[in-house]
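Report on the structure given below.
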Amino acid sequence: MTFKDLGVREEIVETLKKQGIITPTEAQRLAVPKIRQKGDLIFQSQTGTGKTLAYLLPIFEKLKKAPVTQVLIISPTRELAMQIYKVAAKLAETTKDEIALIHGGSDFIKENEKLKKSPSLVIGTPGRLLDHLRRKQLDLSNVNRVVLDEADEILRRGFLEDAELLIKETANDRDILLFSATMPPAVRAISVRYMKNPTEILLKAEEVNLKNIKQEVVDVREETKLDTLCSLINEHNPYLALVFCRTKEKAASVALELSKRGYLADELHGDLTQAQRKHALEEFRQAKLQILVATDLAARGLDIEGVTNVYNYDLPIDAESYIHRIGRTGRGGKEGLSVTFATQKEYDKLRKIEGAIRGRLSKTHEKESRKRLKQKIAEKQKKASEKNAEGKKFPKKFSAKKDKPKKPLSRAAKKSKRLGVSRGKGRK
Numbered sequence: 001m002t003f004k005d006l007g008v009r010e011e012i013v014e015t016l017k018k019q020g021i022i023t024p025t026e027a028q029r030l031a032v033p034k035i036r037q038k039g040d041l042i043f044q045s046q047t048g049t050g051k052t053l054a055y056l057l058p059i060f061e062k063l064k065k066a067p068v069t070q071v072l073i074i075s076p077t078r079e080l081a082m083q084i085y086k087v088a089a090k091l092a093e094t095t096k097d098e099i100a101l102i103h104g105g106s107d108f109i110k111e112n113e114k115l116k117k118s119p120s121l122v123i124g125t126p127g128r129l130l131d132h133l134r135r136k137q138l139d140l141s142n143v144n145r146v147v148l149d150e151a152d153e154i155l156r157r158g159f160l161e162d163a164e165l166l167i168k169e170t171a172n173d174r175d176i177l178l179f180s181a182t183m184p185p186a187v188r189a190i191s192v193r194y195m196k197n198p199t200e201i202l203l204k205a206e207e208v209n210l211k212n213i214k215q216e217v218v219d220v221r222e223e224t225k226l227d228t229l230c231s232l233i234n235e236h237n238p239y240l241a242l243v244f245c246r247t248k249e250k251a252a253s254v255a256l257e258l259s260k261r262g263y264l265a266d267e268l269h270g271d272l273t274q275a276q277r278k279h280a281l282e283e284f285r286q287a288k289l290q291i292l293v294a295t296d297l298a299a300r301g302l303d304i305e306g307v308t309n310v311y312n313y314d315l316p317i318d319a320e321s322y323i324h325r326i327g328r329t330g331r332g333g334k335e336g337l338s339v340t341f342a343t344q345k346e347y348d349k350l351r352k353i354e355g356a357i358r359g360r361l362s363k364t365h366e367k368e369s370r371k372r373l374k375q376k377i378a379e380k381q382k383k384a385s386e387k388n389a390e391g392k393k394f395p396k397k398f399s400a401k402k403d404k405p406k407k408p409l410s411r412a413a414k415k416s417k418r419l420g421v422s423r424g425k426g427r428k
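Per my numbering, the sequence shown runs over residues 1 to 428.
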């Protein structure tokens with residue numbers, strides 16, 4: 001099935017093609033026809049199923065050329081709000097609709113100026129939206145559709161009450177589109193209070209076989225994470241490794257630092273263009289890269305054969321994210337290794353993850369990984385000395401990395417080159 005088969009307007013289909021989006025996901029195939037019709041919707045699926053486009057495509061079709069706000073999208077975090085806005089902005093360029101992004105940390109006065117234009121669609125976080133509402137700068141009385149994106153995360157962060165206050169200010173006959181990975185009772189209660197016979201769509205979560213994955217935890221300090229990661233990579237010498245970070249900024253920074261130290265590494269996050277993302281993934285699939293540093297959102301749905309190691313540089317926010325991350329390895333009956341970094345203050349969260357997966361994770365201290373690497377180097381050097389004593393040529397000093405093949409530089413490597421940093425050597 002194509003987007004044209006789904007009834008998406010031709011000019012929007014062309015806009016999607018330019019972004020490299022050709023075939024609708026299962027979430028889009030199921031949701032788009034339902035959202036076109038009037039009525040409430042509960043859509044339960046994991047992140048990364050293409051749900052943002054699933055609701056934005058039919059929403060843009062229904063927007064009227066009127067100077068009133070007609071759609072409100074509520075996001076639990078500014079990062080997600082910004083991601084939704086980027087997708088919506090591409091569509092708005094084609095449809096010529098006015099949209100606005102409202103979130104904490106942004107310039108309040110500039111946001112107010114945007115709202116004065118009565119944008120057709122407003123995307124924002126609960127707290128900041130309420131601030132504008134209470135100052136009479138946001139009029140929701142004509143909103144006929146409210147999207148709650150990642151409703152369970154809105155609940156987890158304590159914003160559900162704020163979200164409900166916003167819903168109450170919208171038109172009485174509005175539709176509510178509720179998207180959530182899980183359906184805790186408090187989220188389910190929204191359907192009872194504000195929805196009328198909602199349509200429910202459930203996409204089954206991906207099944208991960210944890211038996212094939214050796215899971216370890218390394219007790220680290222924040223300032224020693226990078227050195228510890230390098231020690232582990234040198235020790236394990238993974239064929240393909242995914243490194244997960246919590247933010248786009250961290251992913252870009254870690255990829256750059258790894259490249260400076262000579263590793264074949266690149267980044268994967270929401271700030272990349274579709275072409276950059278596609279290039280990074282292709283390089284990784286072909287093993288021209290050894291390490292891909294990614295965020296959770298960017299890596300959702302990744303299915304790359306040959307991933308041997310997963311490193312959780314930042315602790316996942318919950319058990320579902322943890323399982324999704326480590327599930328990138330140990331596929332097809334093969335064994336995989338996951339290593340999670342945890343600081344002392346994160347051990348409560350770690351115990352919750354252990355409870356969810358019903359197992360204890362093997363724990364070591366960061367010093368242990370460095371000690372093991374030193375022992376490995378010492379053993380190699382000893383063997384080298386013995387072979388030299390027999391009159392055989394052997395490198396004088398063991399190197400944890402082998403010379404890289406010549407290839408186009410990754411974005412992280414280009415950054416380090418511009419900074420005048422030598423790239424050194426690559427994978428073993």
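Note that beta-carbon positions come from the ideal geometry of N, C-alpha and C, so glycine has one too.
These figures come from a predicted structure and were not determined experimentally.
Contact under 9 Å by Cβ, residue i with residue j
| i | j | result |
| --- | --- | --- |
| N309 | T340 | no |
| I304 | L210 | no |
| I291 | I233 | yes |
| P198 | I213 | no |
| L56 | I84 | yes |
| T69 | V146 | no |
| L121 | I102 | no |
| E124 | S75 | In the sequence under discussion, the amino acid at residue 124 is Gly, which differs from the Glu named in the question. Going by C-beta atoms, G124 is nearer than 9 Å to S75. |
| E161 | L80 | no |
| A88 | I73 | yes |
| A275 | G20 | yes |
| V307 | R328 | yes |
| P67 | K136 | no |
Supposed close pair residue i, residue j - CB separation, criterion 8 Å
| i | j | result |
| --- | --- | --- |
| H269 | A298 | 5 Å |
| D97 | F60 | 7 Å |
| A181 | E320 | 6 Å |
| R134 | G104 | No, R134 and G104 are not in contact; Cβ-Cβ is about 15 Å, not under 8 Å. |
| H132 | E111 | 7 Å |
| M1 | R29 | 6 Å |
| D266 | L289 | 5 Å |
| T15 | K62 | Incorrect: roughly 17 Å between the Cβ atoms, too far for contact. |
Of the residues the options, the one placed nearest residue i, counting alpha carbons only
| i | options | result |
| --- | --- | --- |
| D348 | D318, G330, S338, R328 | D318 |
| S362 | I42, A151, S338, E200 | S338 |
| K248 | L229, R221, Q276, D296 | D296 |
| T364 | I353, K225, V220 | V220 |
| I190 | A251, L155, A280, M82 | L155 |
| Y239 | A287, L281, E257 | A287 |
| R193 | V217, E164, E200 | E164 |
| L202 | K260, S253, L178, R328 | L178 |
| L264 | F159, R285, L272 | R285 |
| F244 | A294, A88, L129, G127 | A294 |
| T49 | L229, K250, D149, E235 | D149 |
| R246 | D314, P126, L53, L16 | D314 |
| A412 | K345, G127, G262 | G262 |
| M82 | P67, S106, H132 | S106 |
| F159 | R174, L129, G332, G336 | L129 |
| P33 | F3, V13, D271 | F3 |
| E169 | V71, I12, A31 | V71 |
| G336 | L281, R157, Q215 | Q215 |
| D271 | E11, K86, I12 | K86 |
Whole-angstrom distance between residue j and residue i, CA atom to CA atom
| i | j | result |
| --- | --- | --- |
| P316 | Y322 | 5 Å |
| K18 | H279 | 15 Å |
| T94 | R9 | 11 Å |
| T25 | D227 | 39 Å |
| P58 | G7 | 10 Å |
| G330 | S141 | 51 Å |
| K393 | S231 | Confidence in K393 is poor, its pLDDT being 44 and thus under 50, which makes the residue's placement unreliable; the coordinate value appears in the next sentence. Rounded to whole angstroms, K393 to S231 spans 27 Å at the Cα level. |
| V183 | E283 | It should be noted that the sequence gives Met, not Val, for residue 183. The straight-line gap from Cα to Cα measures roughly 37 Å. |
| I42 | K65 | 28 Å |
| K404 | K260 | With a pLDDT of only 44 at K404, under the threshold of 50, the placement of this residue in the model should not be trusted, and no figure is reported. |
| S399 | K51 | At S399 the pLDDT is 42, less than 50, meaning the model places this residue with poor confidence; the figure from the coordinates comes in the next sentence. Distance between the alpha carbons of S399 and K51: 46 Å. |
| A255 | A342 | 20 Å |
| G359 | K334 | 21 Å |
| I172 | K204 | Going by the sequence as given, residue 172 is Asn instead of Ile. Taking the straight line joining both Cα atoms gives about 32 Å. |
| I99 | L138 | 13 Å |
| K425 | L350 | Since pLDDT at K425 reaches only 45, below the 50 mark, its modelled position is unreliable, and the value read off the structure follows with that caveat. Going from the Cα of K425 to the Cα of L350 covers about 35 Å. |
| P119 | E222 | 42 Å |
| K401 | F108 | Note that K401 has pLDDT 46, beneath the 50 cutoff, so the model's placement of it is unreliable and no number is given. |
| L258 | D40 | 47 Å |
| E354 | S253 | 29 Å |
| A27 | H324 | 18 Å |
| A151 | K345 | 27 Å |
| E235 | T224 | 17 Å |
| V218 | R188 | 37 Å |
| P126 | E368 | 44 Å |
| K38 | I12 | 21 Å |
Exercise for review: Counting only runs of 3+ residues fully inside the region 59-126, write out the beta strand (DSSP E) ranges in chain order.
Suggested key: As far as the region 59-126 is concerned, its whole beta strand (DSSP E) runs of at least 3 residues are 71-74, 99-102, 121-124.
Review point. Can you give, in chain order, each stretch of the beta strand (DSSP E) that sits fully within the region 193-277 and has at least 3 residues?
Key: 199-202, 213-219, 241-245, 265-268
Review point. What residue ranges within the region 126-167 form continuous beta strand (DSSP E) runs of no fewer than 3 residues, ordered along the chain?
Key: 145-148
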